[in-house]
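Heads up: the sequence shown at position 66 corresponds to 65 in numbering that gives the first Met the number 0, and the numbers run straight through without jumps. Ideal Cβ placement from N, Cα and C applies to all residues, glycine included. Predicted, not measured: the structure shown is a model, and the values here were computed from it. Here's the structure, in structure tokens; my notes come after.
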Amino acid sequence: MDENSMLWYSGLVRSSLTPPNIAFPIVWSFLYALMGYSAFRVARKAEFRAIVPYLVQLLLNLAWSWVFFHYRQPSCALAVLFLLICSLLWTAAEFTRHDRPAAALLIPYVLWGFFAFWLNLYVVIHN
Numbered sequence: 000m001d002e003n004s005m006l007w008y009s010g011l012v013r014s015s016l017t018p019p020n021i022a023f024p025i026v027w028s029f030l031y032a033l034m035g036y037s038a039f040r041v042a043r044k045a046e047f048r049a050i051v052p053y054l055v056q057l058l059l060n061l062a063w064s065w066v067f068f069h070y071r072q073p074s075c076a077l078a079v080l081f082l083l084i085c086s087l088l089w090t091a092a093e094f095t096r097h098d099r100p101a102a103a104l105l106i107p108y109v110l111w112g113f114f115a116f117w118l119n120l121y122v123v124i125h126n
């Protein structure tokens, strides 16, 4: 995120539940480690199509950051986040078919997705 995006973000009315900025890289490092290990477990057991929903959610995750911060469109970002959550649930369902522990590793990410949806919705409503 560039300096202009940080200035824009700091000027938004945000939920009192919004974590401090330092929490985001910590949380995302943890989530990406879980996601990567989960995908690794499934990729070594299943066909490529089992990984497709995982790749979709990765693209939507990237898209959300661009839509929210680069284009400064919280309403559109909320729609992307909805699709991201749907793709996370699809990923978890697909992973469950091949490796239940791998699917369980995605639970923190799914929960974070719902929390992020709330934070994004708050920004949309109050700005």
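For residue i, three-class secondary structure by DSSP
{"i": "E105", "result": "The identity of residue 105 in the sequence shown is Leu, whereas the question assumes Glu. It is coil, neither helix nor strand."}
{"i": "M34", "result": "helix"}
{"i": "L16", "result": "coil"}
{"i": "N3", "result": "helix"}
{"i": "N126", "result": "coil"}
{"i": "L11", "result": "coil"}
{"i": "I25", "result": "helix"}
Euclidean distance between Cα positions of residue i and residue j
{"i": "R40", "j": "W7", "result": "39 angstroms"}
{"i": "L82", "j": "T95", "result": "20 angstroms"}
{"i": "L59", "j": "A76", "result": "10 angstroms"}
{"i": "P100", "j": "R48", "result": "19 angstroms"}
{"i": "A91", "j": "I84", "result": "10 angstroms"}
{"i": "F113", "j": "L80", "result": "9 angstroms"}
{"i": "W89", "j": "V55", "result": "10 angstroms"}
{"i": "Q72", "j": "S28", "result": "25 angstroms"}
{"i": "Y121", "j": "A42", "result": "37 angstroms"}
{"i": "A115", "j": "Y36", "result": "22 angstroms"}
Check whether residue i and residue j have beta carbons under 8 angstroms apart
{"i": "L105", "j": "L87", "result": "yes"}
{"i": "S4", "j": "H69", "result": "yes"}
{"i": "H97", "j": "K44", "result": "yes"}
{"i": "A38", "j": "Y53", "result": "yes"}
{"i": "L30", "j": "Y108", "result": "yes"}
{"i": "V26", "j": "W117", "result": "no"}
{"i": "V127", "j": "S74", "result": "Lying outside 0 to 126, the shown extent of the chain, residue 127 is not represented and no answer is given."}
Residue from the options whose Cα sits closest to the Cα of residue i
{"i": "E93", "options": "N20, P24 and I50", "result": "I50"}
{"i": "A78", "options": "A102, E46 and N119", "result": "N119"}
What are the uninterrupted segments assigned as alpha helix (DSSP H) that are 4 or more residues long and contained completely in the region 36–94, given in chain order?
The alpha helix (DSSP H) runs of length 4 or more contained entirely in the region 36–94 are, from start to end of the chain, 51–64.
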